[in-house]
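Engineer: Using our numbering, the first residue of the sequence shown is number 835, and each one after it goes up by one.
Pasting a structure here, questions to come.
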Amino acid sequence: MSNIKERLDKAKEKFADKSFQQNKGLGNEVGIHIFAYNPEDEMVVRHFIKSLDKETAFHAIRFDLYQILLDYLLEREIFDEIEEYEKDCGKDKCETLIKNMVSPEVYVEKMKYNSHKTGDILIISGIGKVYPFTRVHTLLENVATEFKDIPIVVFYPGSYDQKSLRLFNRFFDDNHYRSFILIK
């Protein structure tokens, strides 16, 4: 099934399924699901994710990693200095600074909410927008410990074969075995 709209419709059907919402049938695995898609379909996927707010069969808790990154830099009052730091110290040092400052734990802390309940689905997007500052496999290790009781769905611009992630179908992100393919 290669049509993105058909795959997104199937994803929405899956989200509405009560056994999916309860993480049933996964054994003892944390319910992390990857929806890999062709990067050229980014705008269609973004529109779909926004449309989930209108759903009544499930409750989508949406987090865009790029927005979390920006908010964190603004909160720390260093956002405006990043450009100057890059000019003075170079792209590589700036990248390292942001990687060290905005760890996977920071993202998880920003995603936390207390009342997880059946019907909630954690939606994570913006993976491509935070590259190379954040790698999804590292983030998922941290997210899995906080959200064990609800499904986690990562919209991933690239490919995932249940062994490895390839961001934008080009960059090897890392080996990753703990997630399920949401829709093939």
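The beta carbon of each residue, even a glycine, is placed where N, CA and C say it ideally should be.
Rounded to a whole number of angstroms, what is the C-alpha to C-alpha distance between His-971 and Asp-1007?
Structural biologist: In the sequence shown, counting from the first residue as 1, residue 971 sits at position 137. In the sequence shown, counting from the first residue as 1, residue 1007 sits at position 173. Taking the straight line from one Cα to the other gives about 7 angstroms.
Engineer: Could you give the residue range of the beta strand (DSSP E) that holds Arg-896?
Structural biologist: Locating residue 896 in the sequence shown gives position 62, where the first residue counts as 1. Segment 893 to 898, the beta strand (DSSP E) holding Arg-896.
Engineer: Counting along the chain, where does the beta strand (DSSP E) carrying Ser-993 start and finish?
Structural biologist: Mapped onto the sequence shown, residue 993 falls at position 159. Where Ser-993 is concerned, the enclosing beta strand (DSSP E) stretches over 986 to 994.
Engineer: Less than 8 angstroms between the C-beta atoms of Ile-961 and Pro-991, yes or no?
Structural biologist: The residue given as residue 961 occupies position 127 in the sequence shown. The residue given as residue 991 occupies position 157 in the sequence shown. Yes, Cβ-Cβ distance for Ile-961 and Pro-991 is below 8 angstroms.
Engineer: Have a look at Glu-915 and Leu-907 and give me their C-alpha separation to the nearest angstrom.
Structural biologist: To locate residue 915, count along the sequence shown from 1; it is residue 81. To locate residue 907, count along the sequence shown from 1; it is residue 73. Cα-Cα distance, rounded: 10 angstroms.
Engineer: Output the distance between the C-alpha atoms of Asp-995 and Val-977, rounded to the nearest integer angstrom.
Structural biologist: Against the sequence shown, residue 995 aligns to sequence position 161. Against the sequence shown, residue 977 aligns to sequence position 143. Taking the straight line from one Cα to the other gives about 20 angstroms.
Engineer: Give me the DSSP bridge partner(s) of Ile-866.
Structural biologist: Here the question's residue 866 lines up with position 32 in the sequence shown. According to DSSP, Ile-866 bridges with Ile-986.
Engineer: If you drop the 5 nearest sequence neighbours on each side, which residues of the same chain put their C-beta closer than 6 angstroms to that of Met-1029?
Structural biologist: With the chain covering 835 to 1018 only, the question about residue 1029 has no answer from this structure.
Engineer: Using beta-carbon positions only, say whether Phe-869 and Val-987 come within less than 8 angstroms of one another.
Structural biologist: The sequence position of residue 869 within the sequence shown is 35, counting from 1. The sequence position of residue 987 within the sequence shown is 153, counting from 1. Yes, the Cβ-Cβ distance between Phe-869 and Val-987 is below 8 angstroms.
Engineer: Could you spell out the range, first to last residue, of the alpha helix (DSSP H) harbouring Arg-1000?
Structural biologist: Against the sequence shown, residue 1000 aligns to sequence position 166. Looking at the DSSP string, Arg-1000 is not in any alpha helix (DSSP H); the run it does join, the beta strand (DSSP E), is 998 to 1001.
Engineer: Would you give the residue range spanned by the alpha helix (DSSP H) that Asp-843 belongs to?
Structural biologist: As a position in the sequence shown, residue 843 is number 9, starting the count at 1. Counting along the chain, the alpha helix (DSSP H) containing Asp-843 begins and ends at 838 to 850.
Engineer: Report yes if the CB atom of Ala-891 is closer than 8 angstroms to the CB atom of Ala-845, and no otherwise.
Structural biologist: Residue 891 sits at position 57 when you count from the first residue of the sequence shown. Residue 845 sits at position 11 when you count from the first residue of the sequence shown. Not a contact, by the Cβ cut-off of 8 angstroms.
Engineer: Does DSSP put Phe-1005 in a helix, a strand or coil?
Structural biologist: Translated into positions along the sequence shown, residue 1005 becomes position 171. Correct three-state label for Phe-1005: strand.
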